[in-house]
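Notes for the one structure printed next.
Protein chains in written order, with the numbering used here: chain H, 3 to 112; chain W, 13 to 129.
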């Protein structure tokens with residue numbers, strides 16, 4: 003079993019809809035939680051990061067962490083075609099080494 | 013600032029050949045990483061470095077070697093390429109120290125697509 007599980011999708015939504023992404027994990031030592039966005043044939047870029055449980059909002063993006071359930075989520079409001087990408091969750095216990103989920107491919111249709 | 017750059021962008025090798033992938037960063041980061049990305053597998057850490065002259069194994073180190081002779085460069089070597097090493101390779105860097113969340117952000121290069129026949 004992988005330490006971090008993520009539904010591969012693809013997730014197809016109409017423009018303007020809310021995109022809901024999530025990851026589950028098994029390692030209770032994870033304390034830093036990140037979401038990366040990766041466009042086709044590009045390197046990942048950091049979208050959001052949080053420390054411990056709670057919510058964090060940045061524009062149209064909201065990240066949630068529930069450490070008791072070992073579950074993290076990313077919500078994208080008012081989705082745009084430019085949000086079409088693969089979204090990777092990543093987690094860190096200590097030592098600046100990340101463990102990534104497999105990524106979810108998202109397609110926002112105009 | 014160029015950020016993180018990788019050379020080459022593409023490469024095709026025959027089984028048994030060797031090659032070196034070069035990663036360079038101009039952000040004065042202490043930590044550097046090499047990942048491979050395969051369909052459905054996410055990014056898996058091959059080797060990493062916490063500073064000039066240091067290297068350490070990651071999750072999937074077999075068949076690869078690395079060197080960090082200069083702070084800004086991190087080299088990944090394949091001594092005898094195998095078809096199982098066909099993948100997209102990403103280099104990343106981070107500050108790696110300090111208590112802020114920003115110290116943990118990894119900046120990625122554009123990737124190298126490697127095919128081993």
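By construction, the Cβ of each residue, glycine as well, lies at the ideal position given by its N, Cα and C atoms.
Just so you know, these numbers come straight off a predicted model, no measurement behind them.
Identify the contact partners of residue i in chain H, using a Cβ-Cβ distance below 7 Å as the criterion.
i                     : result
residue 57 of chain W : 99
Is there a Cβ of chain W sitting closer than 8 Å to that of residue i, yes or no?
i                      : result
residue 27 of chain H  : no
residue 94 of chain H  : yes
residue 10 of chain H  : yes
residue 53 of chain H  : yes
residue 56 of chain H  : no
residue 102 of chain H : yes
Quick one: Cα of residue i to Cα of residue j, how far?
i                      : j                      : result
residue 90 of chain W  : residue 84 of chain H  : 36 Å
residue 34 of chain W  : residue 122 of chain W : 12 Å
residue 26 of chain H  : residue 8 of chain H   : 7 Å
residue 110 of chain H : residue 102 of chain W : 26 Å
residue 62 of chain H  : residue 30 of chain W  : 46 Å
residue 117 of chain W : residue 36 of chain H  : 9 Å
residue 79 of chain H  : residue 60 of chain H  : 11 Å
residue 71 of chain W  : residue 94 of chain H  : 14 Å
residue 66 of chain H  : residue 26 of chain W  : 46 Å
residue 54 of chain W  : residue 10 of chain H  : 10 Å
residue 17 of chain W  : residue 45 of chain H  : 10 Å
residue 92 of chain H  : residue 99 of chain H  : 10 Å
residue 96 of chain W  : residue 48 of chain W  : 11 Å
residue 77 of chain H  : residue 20 of chain H  : 7 Å
residue 109 of chain W : residue 103 of chain H : 24 Å
residue 49 of chain H  : residue 105 of chain H : 14 Å
Nearest chain H C-beta to residue i closer than 8 Å, yes or no?
i                      : result
residue 120 of chain W : yes
residue 113 of chain W : yes
residue 60 of chain W  : yes
residue 102 of chain W : yes
residue 108 of chain W : yes
residue 123 of chain W : yes
residue 117 of chain W : yes
Along chain W, in chain order, which residues have C-beta atoms closer than 8 Å to that of residue i?
i                     : result
residue 63 of chain H : Under the 8 Å cutoff, chain W gives no residues; its nearest Cβ is about 15 Å from residue 63 of chain H.
residue 90 of chain H : 54, 55
Do you know whose CA, among the options, lies nearest residue i's CA?
i                      : options                    : result
residue 112 of chain W : H/51, H/72, H/47           : H/51
residue 75 of chain W  : W/21, W/108, W/28          : W/28
residue 15 of chain W  : W/125, W/119, W/128, W/127 : W/119
residue 108 of chain H : H/88, H/92, H/99, H/95     : H/88
residue 68 of chain W  : W/39, W/86, W/109, W/96    : W/86
residue 74 of chain H  : H/96, H/44, H/23           : H/23
residue 94 of chain W  : W/64, W/24, W/84           : W/24
residue 43 of chain W  : W/106, W/52, W/22          : W/106
residue 79 of chain W  : W/100, W/46, W/127         : W/46
For residue i, which residues in chain W fall below 7 Å Cβ to Cβ?
i                      : result
residue 105 of chain H : 54
Is there a C-beta anywhere in chain B that falls below 8 Å from the one on residue i?
i                     : result
residue 76 of chain H : This model lacks chain B altogether, as its protein chains are H and W.
Mind checking the region 29-48 of chain W against chain H and listing, in chain order, the residues whose C-beta falls within less than 7 Å of any C-beta there?
-> Answer in chain order: 43.
At a Cβ cut of 9 Å, what residues of the region 27-51 of chain H count as close to chain W, listed as they run along the chain?
-> Near chain W, meaning a CB-to-CB distance below 9 Å, the residues of the region 27-51 of chain H are 34, 36, 38, 40, 43, 44, 45, 46, 47, 48, 51.
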